[in-house]
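A.B. asks: Line by line, the protein sequences give chains L and G. Numbers given in our numbering equal positions in the first sequence, counted from 1, plus 69. Numbers given in our numbering equal positions in the second sequence, counted from 1, plus 456. Backbone N, C-alpha and C define an ideal beta-carbon position, used for all residues, glycine too. Bear in mind that the values here come from a model prediction, so they are computed numbers and not experimental data.
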Amino acid sequence: MSILVGKDTRLAVQGITGREGAFHTEQMIEYGTNVVAGVTPGKGGEWAVGNTPVFDTVLEAVHATGANTSIVYVPARFAPDAIIEAADAGIELIVCITEGIPALDMVQVRAYLDTTGARLVGPNCPGLITPGEAKVGIMPGHIHTPGNVGLVSRSGTLTYEVVYALTARGIGQSTAIGIGGDPIIGTKFIDVLEMFENDPATDQVVLIGEIGGTDEQMAAQYIAEHMTKPVTAFIAGQTAPPGRRMGHAGAIISGGEGTAAEKITALRAAGAQVSRHPEEIAEMVAANVSLA
Amino acid sequence: MPRVTHFLFILRQLRPSVSPVWRAQGLGKPRQVNGGDCPAKWHAVQSVATAKGGLTLNLHEYQSKRIFANFGIPIPDGVVAATPAEARDAATRLGGAVVVKSQVLVGGRGKAGGIKLAKTPDDAEEAAAAILGMSIKGLTVKKVLVDQAADIKTEIYLGAVLDRARGRVVLMASSEGGIDIEQVAAETPDKIITVPVHPFLGLRDHQARILAEGIDLPKEHTRRFTAIAKSLYNAYVSSDASLAEINPLVITGSGDLLAVDGKISLDDSALFRHPDLAELRDPDAEDASEQEARRFGLSYIQLDGEIGCMVNGAGLAMATMDIVKLYGGSPANFLDIGGGAQADKVAAALRLILADTRVKAVLINIFGGITRCDEVARGILDAIATLDVNVPFVVRLVGTNEEEGRQILSEANLATASSLADAARKAVAAAEGETA
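1. Need the endpoints of the alpha helix (DSSP H) that K801 (chain G) sits in, please.
2. Have a look at L:T328, L:V143, L:F124 and flag the residue whose alpha-carbon is nearest the alpha-carbon of T134 (chain L).
3. Can you list, in chain order, the residues of the region 94 to 123 of chain L whose Cβ is nearer than 9 Å to any Cβ on chain G?
4. Does G316 (chain L) come out as helix, strand or coil in the three-state DSSP assignment?
5. At a CB distance below 7 Å, what residues from the region 764 to 783 of chain G approach chain L? Give them in sequence order.
6. Would D520 (chain G) count as contacting chain L if we go by Cβ distances under 9 Å?
7. Looking at chain L, is there any beta carbon in it that lies within less than 9 Å of the beta carbon of G795 (chain G)?
8. Give the range of the beta strand (DSSP E) segment to which K557 (chain G) is assigned.
9. What does T308 (chain L) touch in chain G if you count any residue whose Cβ is under 7 Å from its own?
10. Determine, using beta-carbon pairs with one atom in the region 834 to 851 of chain G and one in the region 248 to 260 of chain L, whether at least three such pairs fall under 8 Å.
11. Any beta carbon from chain L within less than 9 Å of V832 (chain G)'s own beta carbon?
12. Under a CB-based cut-off of 9 Å, is L876 (chain G) close to chain A?
13. Quick one: any contact between the region 812 to 825 of chain G and the region 867 to 882 of chain G, if contact means 3 or more CB pairs under 8 Å?
14. Check the Cβ of T856 (chain G) against every Cβ in chain L and list those closer than 9 Å, keeping chain order.
15. Under three-state DSSP, which class holds A616 (chain G)?
16. Got a sec? Which residues, its chain only, sit under 7 Å from L659 (chain G) by beta carbon, not counting five neighbours each side?
17. If you follow the beta strand (DSSP E) that I702 (chain G) is part of, which residue opens it and which one closes it?
18. Using Cβ-Cβ distances below 9 Å, what residues of the region 816 to 832 of chain G are close to chain L?
19. At least one CB of chain G closer than 9 Å to the CB of E279 (chain L): is that the case?
20. So which of G:I836, G:G824, G:E831, G:G795 has the shortest CA-CA distance to R807 (chain G)?
21. Counting only C-beta atoms, is E154 (chain L) closer than 9 Å to chain G at any point?
22. Quick one: what's got a C-beta closer than 7 Å to L182 (chain L)'s C-beta in the same chain, skipping five residues either side?
23. Given that a residue counts as buried once 16 or more other Cβ atoms are within 10 Å of its Cβ, and exposed if not, what is T297 (chain L)?
24. When the Cα of G239 (chain L) is compared with those of L:N217, L:T121, L:A335, which residue comes out closest?
25. Measuring straight from C-alpha to C-alpha, what distance separates P577 (chain G) and T548 (chain G)?
26. With a 10 Å radius around its C-beta and 16 neighbouring C-beta atoms as the bar for buried, classify P674 (chain G) as buried or exposed.
27. Ignore the nearest five residues each way along the sequence and tell me which others in T214 (chain L)'s own chain have a CB closer than 6 Å to its CB.
28. Is there a Cβ of chain L sitting closer than 9 Å to that of R751 (chain G), yes or no?
29. Do V535 (chain G) and A525 (chain G) have their C-beta atoms within less than 9 Å of each other?
30. On the DSSP letters alone, give me the boundaries of the alpha helix (DSSP H) that G835 (chain G) sits inside.
31. Given this structure, state the Cα-to-Cα distance separating V562 (chain G) from I592 (chain G), to the nearest angstrom.
32. Distance, Cα to Cα, N120 (chain L) vs A172 (chain L)?
33. Please decide whether G594 (chain G) counts as near chain L, where near means a Cβ-Cβ distance under 9 Å.
34. Could you list the residues in the region 253 to 272 of chain L with a C-beta less than 8 Å from some C-beta on chain G, going in chain order?
35. From G:Q758, G:F656, G:A804, G:N857, pick the residue whose C-alpha is nearest to that of V815 (chain G); which is it?
36. With 9 Å set as the bound, which would you pick, yes or no: does the beta-carbon of P228 (chain L) sit closer than that to a beta-carbon of chain G?
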């Protein structure tokens, strides 16, 4: 098992003929992901990245190949439509890598997705991976190893750092998921925590948050009320000066709300252990493993 | 994936809480207002919502008010002036008392002496002479807005902002106008009324009435208030704002409603469809290093520490700064080179870091995914070759093409590190060695 992606994933790549889409499709196939289709309007009937059939629409791709998951590498101005198209075609899980989608477009997309059964991960995220089964994203596959630790993060490279440290200690991951740093995202910490709690293949959870927003505080509340599995957390931005924006949307402190200290306090109060730096997460997780 | 857009507007000159933070009232409290569109159970338990969009372009007061006026929101007659003589002419043309207001992108202009009332054109000229050229929180005033003075009876607050928790644009109103909404949120949160707007429906009349009712607006103003609230929502959506606020919205002695001050922040990601608005960016609001960073698509914020940090990814960059601090050092900057950076971008990043004379050591932490370690290594060598480098470097390269990267750097005689903790320790030690 694991969550969201695995051996049953049949992946359609939206934007497969673009530079990024093609490169990462190759990487995903190499990892063993079952990539069944590509979608690029106007290039239907062609073949991309080896022998992946390309379709003009997601609907055709679903009909022809039974795709159940899609990944979106489409440029920001076209990505909202690509997400909606995938949902309309009956795709169950849509992973949007694209960065820089206007926030109000995402407000519309989310409002629309609420009326369908589709789940969106992202946008502006590295995607997700179930080691040894399927990689639906842009993370370096080789740093992962199969195991029982579930990871959820708002960040990209910081997640790789933690995965790397876990793998170096021989601790494998059930699924590692980057939910993205944009203001409006499809899947939040609490959604993933619930999935990990219910996943028999996950024994403990790592949560990597950042300053800004209140998602970590909501996660803390969820942990306190519903989680039986141990949670180890890290919050990036403990040294960020108030009011300074640190690069991307999620990472901001506004007037005393969403500070690292606030989030750490909430997570500790909820029973999570909070590490001081990324490599310490692996130490804490390892301690949990040896206790079990 | 490389950044599709690279608009990096850093909010360094703005007051800490440039965008409002408000408290959505908990269920059951008397002032709780649910505009009929917040189905998720989490809204009920969430006590604080942070209103923060993506990277933003902040508009001056006069620019913001012009947008408001375009959408039918009444604003005072006003003229922008760059010299005292122009301010005098403006005051003459407007007639009567005027307010001379500095146009800089910081809060607290009034307290700093950047807003003055002038009863005559002579006074206006004098006020403009005092305000133009003055420095407010490090920013020099280059323009003033000369507005007809309003006969203020009551001040209220009306704003539109993105609520990331609810995934909706939210309109909020308060009877406490004229002061920072953050202050109201902190001190008297029950005086802020919010309604979430469904994107496919827009702000409905009844929602505006809920706001009016919630702030005890005298009934004779409800119709005009409703029109202004709807115009504000339309202005927000049409310009792809992340924040649009009227503060204060004034009820005048003659019973009119007037947007006396206001602010709009635009979503940088949407500027591709607003070329007219993109031109409103004030280059003076960024310092030279930040403009340079923007040109190369780097995200850079200068701090006051001694260890220059170059990292890929914002989260990892922050974590790297955190660990530097943990080991007793202090970061000189936040710098995210983004994903897939090429050698020239890396070299530009190092130039920015080394231009800061406080930097005593440089810590480079790259976790290669899309970013290739050999590209980064080449950029480091390019920078070293062209710059006068006299501070120690500690380099950690992991991930895609790390071997090639290390190979390239082996000729350069730079300190390397295996783990992040190791890198931080070495950088802190190197900075101290330099100090001694």
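C.D. replies: By the coordinates alone:
1. 799 to 811
2. L:F124
3. For the region 94 to 123 of chain L, which is checked against every Cβ of chain G, not one residue is closer than 9 Å.
4. Residue confidence for G316 (chain L) is low, a pLDDT of 39 falling below 50, so the modelled location carries little weight; the figure read from the coordinates is stated next. The answer is coil: DSSP assigns G316 (chain L) none of H, G, I, E or B.
5. N768, G769, A770, G771, L772, A773, M774, A775, M777, D778, I779, K781, L782
6. Looking at the sequence itself, residue 520 (chain G) is Ser, so the reference to Asp does not match. Answer no: the Cβ-Cβ gap between S520 (chain G) and chain L never drops below 9 Å.
7. yes
8. 554 to 558
9. What T308 (chain L) touches in chain G: M777, D778, K781, P787.
10. no
11. no
12. Absence of chain A from the displayed structure is noted, the protein chains being L and G.
13. yes
14. Correct list: P209.
15. Three-state DSSP puts A616 (chain G) in a strand.
16. L627, V653, A685, K686, Y689
17. 697 to 708
18. N821, I822, F823, G824, G825, I826, T827
19. yes
20. G:I836
21. Taking 9 Å as the CB threshold, E154 (chain L) stays off the interface with chain G.
22. A156, L189, G255
23. exposed
24. Per the Cα distances, L:N217.
25. Rounded to the nearest angstrom, the gap between the Cα atoms of P577 (chain G) and T548 (chain G) is 6 Å.
26. A residue is called buried once 16 or more other Cβ atoms fall within 10 Å of its Cβ, and P674 (chain G), having fewer, is exposed.
27. Within the same chain, and ignoring the five residues on either side of T214 (chain L) in sequence, the residues whose Cβ sits closer than 6 Å to its Cβ are P200, T236, G241.
28. no
29. no
30. 829 to 842
31. 8 Å
32. 36 Å
33. Answer no: the Cβ-Cβ gap between G594 (chain G) and chain L never drops below 9 Å.
34. I253, I259
35. G:Q758
36. Checking the sequence shown, residue 228 (chain L) turns out to be Thr, not Pro. Judged by the 9 Å Cβ criterion, T228 (chain L) is in contact with chain G.
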